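Beneath this line is the structure, given in structure tokens, with notes to follow.
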Amino acid sequence: MKTGALIIASGDYGEEYRDNEGIPLFLPMYPLDGTTVIKGEIAKLRKAGVSPIVVLAGCHSETLKLHLSHNNVIFLEDEAYREHSFEETLAIGLTGCAPLMERVLVLPVEYPACADSTIKALLAAEKSAVPTYDGQEGWPRSMILSGTEMDPTEKINFETGSRFLPTEDPGVTYSLQEEGGVERVTRYLKARWNAATLHFKTKLVISKEEDFFGPGVYHLLQYIDETGSIQAAAAKMNMSYSKGWKMINKVEKELGFRFLNRCNGGKNGGSSTITPEGRLFMERYHAMLEDMKRITRGFFEVYFGEFQ
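Written out as structure tokens, the structure is:
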């Protein structure tokens, strides 16, 4: 049975999702697990052998198409997405999928956290299936297509002719749009990161004639910002106070501006705070590192995905 997928990504999803510099982001393009929400979903489906993958767009459709221009997906569009219920939007997607596949895995884009084992179980099911965890229904859902056009005004009932598929996978119920959803999904994905799975590390080091700014000094400055103390920050990193000072002095010398405001003395000893110039540099460092991770994650999937 030819099985494809339908990712529903037509909603506007509000403005609560932002990038490293506070710029509003469209939820499908929100950074997650080293890539973006929708690219991670596509990679997971493709890894399971699901093809073709159809994306139903609506809000910011041209931006989304550009974002996925090299991901070999088929686009459908719900131009009246603001007026449609979920069932009506789904019917449009299923109508577009029917000529392309016999069975479809339907995935609203805000549910990115299912396990590979759940997808395999859905693919092994002979009938339409709805995954559940602890009695709660989840996503993606498998649906056998009849090949006939769907009525967009008809309420689609996944339970009719479907079987419930109990799983040990809480991720099927995790939505990014629920309160605390981003944190819950992030923890879930991190917990499922198997040490036996190939992965890569991205490190950003800034240099002139010598290296002077990298993960070590960045984390030291983070701890200084948190504690207000170089001594406490150095202790958190299991390094000597003098080594911490040496690292910071080298950065300030190379860049030509202060990273710390020092306040000596007092009954509690000295204190230190990050200067505006130092904070800006740290924010730029972190933003570039996150962008590098997202970009290299895509290359990693291209070159090493088959070894996973």
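Numbered by our numbering, the letters in the sequence shown go through residues 970 to 1277 in order. Cβ coordinates follow ideal geometry from the N, Cα and C atoms, glycine included. Since we're looking at a predicted model, the values are computed, not measured.
Close CB contacts of Leu1158 within its chain, under the 7 angstroms cut and outside five residues either way in sequence, are with Asp1002 and Ala1082 (chain order). For Ser1086, the enclosing alpha helix (DSSP H) stretches over residues Asp1085 to Ala1093. With the rule of 3 Cβ pairs closer than 8 angstroms, the segment 1047 to 1055 counts as touching the segment 1025 to 1034.
The residue among Trp1108, Glu1195, Ala1093 and Leu1037 with its C-alpha nearest the C-alpha of Arg1248 is Glu1195.
In this model, Gly1150 and Pro1139 are separated by some 13 angstroms (Cα to Cα). Around Val1174, the same chain offers Asp1180 and Gly1183 as residues with beta carbons nearer than 6 angstroms, after the five sequence neighbours per side are excluded. According to the DSSP secondary-structure assignment, Cys1232 is paired through a beta bridge with Ser1240.
Our two residues, Val1006 and Met998, have alpha carbons roughly 6 angstroms apart in a direct line. Note that the C-beta distance between Ala1201 and Tyr1210 is not below 7 angstroms. Between Leu1167 and Phe1273, the C-beta gap is smaller than 7 angstroms, which places the two residues in contact.
According to the DSSP secondary-structure assignment, Ala978 is paired through a beta bridge with Ala1026. Under the criterion of beta carbons closer than 8 angstroms, Ala1098 and Arg1110 qualify as touching, at roughly 7 angstroms. In the same chain as Ala978, and ignoring 5 residues on each side of it, the C-beta atoms closer than 7 angstroms to its own belong to Pro997, Ile1007, Val1024, Leu1025, Ala1026, Leu1033 and Val1078, in chain order.
Close CB contacts of Pro1021 within its chain, under the 6 angstroms cut and outside five residues either way in sequence, are with Gly973, Ile1043 and Leu1069 (chain order). Distances from the alpha-carbon of Glu1178 to those of Asn1230, Glu1031 and Lys1222 put Lys1222 closest.
The Cβ atoms of Met970 and Arg1072 sit closer than 7 angstroms to each other.
According to the DSSP assignment, Leu1074 belongs to the beta strand (DSSP E) that extends over Arg1072 to Pro1077.
Counting of Cβ neighbours within 10 angstroms places Phe995 among the buried residues, the total reaching 16 or more. Per the coordinates, the alpha-carbon of Ala1160 lies some 34 angstroms from the alpha-carbon of Ser1054. If you look at Phe1055, you'll find it isn't in any beta strand (DSSP E); it sits in the alpha helix (DSSP H) that goes Phe1055 to Cys1066. Between Leu1189 and Met1216 the beta-carbon gap is near 6 angstroms, inside 8 angstroms, which marks them as a contact. Arg1015 and Thr1004 have their C-alpha atoms spaced approximately 15 angstroms apart.
Burial of Ser1241 is indicated by the presence of at least 16 other C-beta atoms within 10 angstroms of its C-beta. Straight-line measurement puts the Cα of Lys1172 at about 24 angstroms from the Cα of Ile1199.
Counting the other CB atoms within 10 Å of its CB gives Pro1135 a total below 16, which places it among the exposed residues. Take Ala1084, set aside five residues on each side of it, and the residues of its chain with a beta-carbon closer than 7 angstroms to its own are Asp1138, Gly1140 and Arg1161, in chain order. The C-beta distance from Lys1212 to Tyr1192 rounds to 13 angstroms, too long to fall under 8 angstroms, and the pair is not in contact.
Contact check for Glu1010 and Ile1061: beta-carbon distance about 19 angstroms, past the 8 angstroms limit, so the pair fails to qualify. With a cutoff of 7 angstroms on beta-carbon distance, Glu1270 and Ala1012 are scored as near each other. Among the bridge pairs identified by DSSP, Tyr1102 is matched with Gln1105. Here Tyr1102 has Thr1136, Asp1138, Pro1139, Val1141 and Thr1142 as same chain residues with Cβ atoms under 7 angstroms from its own Cβ, once five neighbours each way along the sequence are excluded. Taking Ala1017 as reference, the option from Ala1090, Asn1230, Tyr1254 and Glu1106 with the minimal CA-CA separation is Ala1090.
Linking Leu1076 to Glu1057 through their CA atoms gives a straight-line distance of about 15 angstroms.
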